[in-house]
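My numbering numbers the first residue of the sequence shown as -13 and each following residue consecutively.
Written below as structure tokens is the structure these notes are about.
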Amino acid sequence: MFKAISLILDFLGIISQNPILQKITIFAFFFTLVSYTVTFFIDKVSVDLGSISEILVLASYLGFLSALKVVFNIIISGFIAKQILAFIRS
């Protein structure tokens, strides 16, 4: 147990010294979190998609909504990571 905690603390020490690893780690964490949240809400909405609009059904069928989900995930995660790193540096 002590070795596991020591290993985690060593890893965090390496991350805290390298700004590129900080950004990669924070971006990956928030990308996963935002991706899960967006997927959860899209799954809730996609059940009623047929009754809302035929255009949304066509967009979902062609993959436009999936592509939009990926773009939003990257934009939101990048913004959150940038803001957190700017806050840490100041």
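For glycine and all other residues, C-beta sits at the position ideal for the given N, C-alpha and C.
- For residue 76, there is no enclosing alpha helix (DSSP H), since its DSSP letter is neither H nor E.
- For the pair residue 42 and residue 26, the Cα-to-Cα distance works out to about 17 Å.
- If you look at residue -1, you'll find it in the alpha helix (DSSP H) that goes -12 to 3.
- The region 11 to 21 and the region 56 to 73 touch, with no fewer than 3 CB-CB distances between them shorter than 8 Å.
- A Cβ-Cβ separation of about 5 Å places residue 7 in contact with residue 1 under the 8 Å criterion.
- By the C-beta density criterion, residue 67 is buried, having at least 16 other C-beta atoms within 10 angstroms.
- Around the beta carbon of residue 4, fewer than 16 other beta carbons sit within 10 angstroms, so the residue counts as exposed.
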